[in-house]
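S.K.:
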Amino acid sequence: MNLQTTTATAVKTIGIVGAGQLGRMLALAGYPLGLKFLFLDKSADAPGAQVGEILLGEFSDAQKIAALAARVDLLTYDVENVPVAALAGLPKGKPFLPPVAALAAGQDRLSEKQLFAQLKIPTPKYRSVDGMADLEEAMHAIGYPAVLKTRRLGYDGRGQRFIRSPAELGSAFNALGGVPLILEEFIEFEREVSLIGVRNRRGDLRFYPLVENRHRDGILRLSLAPYADRNLQARAQLYLRRILQHFDYAGVLTVEFFVKNGRLMANETAPRVHNSGHWTIEGAVTSQFENHVRAILGLPLGDTSAIGHSAMVNFIGALPPLEEVLKIPGVHYHDYGKQPRPGRKLGHVTLVCKTRRELAAILKNFPGLDQ
Ligand code: AMP
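Here the numbering used here is used: position 80 in the sequence shown is 91, and no number is missing along the way.
#1: Have a look at Phe127, Val263, Ser122, Val95 and flag the residue whose alpha-carbon is nearest the alpha-carbon of leucine 275.
#2: Quick one: is the Cβ of histidine 285 within less than 8 Å of any heavy atom of the ligand AMP?
#3: Please report the distance separating the alpha-carbon of glutamine 350 from that of aspartate 89.
#4: Does DSSP put asparagine 242 in a helix, in a strand, or in coil?
#5: Would you call the CB atoms of alanine 152 and serine 139 closer than 9 Å?
#6: Considering only C-alpha positions, which residue in the set Pro156, Val270, Phe326 is nearest to arginine 352?
#7: For alanine 186, which option in Leu206, Gln171, Ile198 has the closest C-alpha, if you only look at C-alpha atoms?
#8: Taking the alpha helix (DSSP H) that histidine 151 falls in, what are its first and last residues?
#9: Which residues does DSSP pair with arginine 162 in a beta bridge?
#10: Which first and last residues belong to the beta strand (DSSP E) in which glutamate 203 is found?
#11: I need the straight-line Cα distance from valine 209 to isoleucine 254, nearest angstrom please.
#12: Can you tell me the Cβ-Cβ gap for threonine 366 and glutamate 293, rounded? I've got them flagged as a contact below 8 Å.
#13: If you count every other CB in all the chains shown that lies within 10 Å of the CB of arginine 120, and 16 or more means buried, which is it?
#14: Determine the direct distance from the alpha carbon of proline 282 to that of glutamine 256, and round the result to whole angstroms.
#15: Give the list of continuous alpha helix (DSSP H) stretches no shorter than 4 residues that lie fully inside the stretch 87 to 126.
#16: Just to confirm the assignment, what range does the alpha helix (DSSP H) spanning leucine 49 have?
#17: For a test of the three-state rule: what should DSSP assign to asparagine 286, helix, strand or coil?
#18: Can you have a look at tyrosine 347 and say buried or exposed, based on whether 16 or more other CB atoms are within 10 angstroms of its CB?
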C-alpha cells in the first residue's frame, strides 16, 4: 500500500438537521474519522447535545438552516419532517444529502406509493382519500379490512387507524380527517423485514443483510439480524437499488417490507439511517451510521457483513436498570438521555451472539421485552 503522508486535509464539519438519537449516533460514528458536527434543533437538551453543539432553531426556519450551512461543509439530517421549502435557499457548493427529492418523496405516503409503482416494486393496494365520499369509494375498491393513514407526518404508528367493518369508517375518518389521507389494503403478513442500503457519491453500493422487525402499537420493539433468506435478500436489493439509482442517492436508505406468501411488498421508505439498523453498531463490520457519513462525503464504503447474530431491543417509555442489563453477556446498552414519556424511544440494547440459538435463549427472559 502506498501511504503518503497527507498535507493537512481540512477537517470537515457536517451539519445535522435534527439532534435526536440518530444524529447523536451519526456524530459518534464520525468522530473517529476526524470529522466535526454541528446540529440544528429546537431543543437544547436533545440527545445530540451530549456530543456536540446545537444551533437552536426550528427545522422550518430557512434562515436557521442557512446559518447552519454557513458554518459547515455539508449538510445531512436525522429527521424526515424537514420542510422542503426551508431548504430551497441553500447555497450551491454546500451539498445537502441524501438528496431533497428523496426526502420529499418519503414525506408523503402517496408519492412514496407512486414511486414504488413507477419502479415496479410491489406494494399494498392504495387509494388517496380527501373526504368521506372518497373514503367510501376507496373502501369499496380495496375491501375490508384496510388501514387509513395520514399522508404526511405519520410515524411509529401515529396517524393511522385500522378499519375492520363499515361501522368503523366514520370514527376512523373523524380521528384523522381534515388532512390528506391514504387508504391501504390490510396485509396479513407473515413477518416484517427491512433492508438498509447505502450509496456513496461515486455511485458505489452496499447492502446490509435483511432484518426481521417486530412492532407493537406501530412502534418497533425488536429487530433480529441477519434474516437469512437468499431469495428475499436478492429481491429486496433489486428493489432498493432501483430507488437509490432513481434519486442518484448518497447516504443510507431503508425500505420496510411486509412478507406475504414468501414475497415482498414495500410498506415505506426512510431516506436516512433507521431504527432497524441500530444493531449494525456492534453487529456489523461497519455501522449504518459510519457508512452514511462515508457515503455523503464520497468516501469508500465499509463492509456491511454481520459479524454474528444480533438482536436490538428498543426501550419505549422506560429504561430497565443499567445494572440488570449489563449482567447479560454480549450486551451493549444505549441510553439516549431523553426524558421518559409514554411511547417515547429512550434507548436500546444490542446483543451479539455467535449463534441464533444462543441469542434466542438470552432473549427469552430479556428485561423490557415481552414478546
Ligand atoms: P407504518 O407507519 O406505515 O410503518 O406502520 C406501522 C406498522 O403498522 C407497520 O410496521 C405494520 O406493523 C402496521 N401496518 C402498517 N400498514 C399496514 C398494512 N397495510 N397492513 C398491515 N399492517 C400494517
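Glycine is no exception: its CB is placed at the ideal position from the N, C-alpha and C atoms. What you are looking at is a predicted structure, and each value in this text was computed from that prediction instead of being measured.
M.R.: This is what the structure holds:
#1: Position 264 of the sequence shown, counting from 1, holds the residue named residue 275. The shortest Cα separation from leucine 275 among Phe127, Val263, Ser122, Val95 belongs to Phe127.
#2: To locate residue 285, count along the sequence shown from 1; it is residue 274. No, the ligand AMP has no heavy atom inside 8 Å of this Cβ.
#3: The residue given as residue 350 occupies position 339 in the sequence shown. The residue given as residue 89 occupies position 78 in the sequence shown. In a straight line, the C-alpha of glutamine 350 is about 19 Å away from that of aspartate 89.
#4: Counting from one through the sequence shown, the residue named residue 242 turns up at place 231. It is helical.
#5: The residue you call residue 152 lines up with position 141 of the sequence shown. The residue you call residue 139 lines up with position 128 of the sequence shown. Going by C-beta atoms, alanine 152 is not nearer than 9 Å to serine 139.
#6: Against the sequence shown, residue 352 aligns to sequence position 341. Ranking Pro156, Val270, Phe326 by Cα distance to arginine 352 puts Phe326 first.
#7: As a position in the sequence shown, residue 186 is number 175, starting the count at 1. It is Gln171.
#8: The residue given as residue 151 occupies position 140 in the sequence shown. Element bounds for histidine 151: 143 to 153.
#9: Start at 1 with the first residue of the sequence shown, and residue 162 comes out as number 151. Answer by DSSP bridge pairing: none, since arginine 162 is not bridged.
#10: Locating residue 203 in the sequence shown gives position 192, where the first residue counts as 1. Taken as a continuous stretch (DSSP letters only), the beta strand (DSSP E) holding glutamate 203 covers 202 to 210.
#11: What you label residue 209 is simply residue 198 of the sequence shown in a count that begins at 1. What you label residue 254 is simply residue 243 of the sequence shown in a count that begins at 1. C-alpha separation (whole angstroms): 11 Å.
#12: The residue given as residue 366 occupies position 355 in the sequence shown. The residue given as residue 293 occupies position 282 in the sequence shown. With 8 Å as the limit, threonine 366 and glutamate 293 do not qualify as a contact, their Cβ atoms being about 16 Å apart.
#13: By 1-based counting over the sequence shown, the position of residue 120 is 109. Buried, because 16 or more other Cβ atoms sit within 10 Å of the Cβ of arginine 120.
#14: Taking the sequence shown and counting its residues from 1, the one referred to as residue 256 is at position 245. Taking the sequence shown and counting its residues from 1, the one referred to as residue 282 is at position 271. Roughly 13 Å separates the two Cα atoms.
#15: 111 to 118
#16: Here the question's residue 49 lines up with position 38 in the sequence shown. First-last for leucine 49: 47 to 52, but that is the beta strand (DSSP E), not the alpha helix (DSSP H).
#17: Here residue 286 refers to the residue found at position 275 of the sequence shown. Note: asparagine 286 maps to helix in three-state DSSP.
#18: Counted from its first residue, the sequence shown places residue 347 at position 336. Tyrosine 347 is buried by the Cβ-count criterion.
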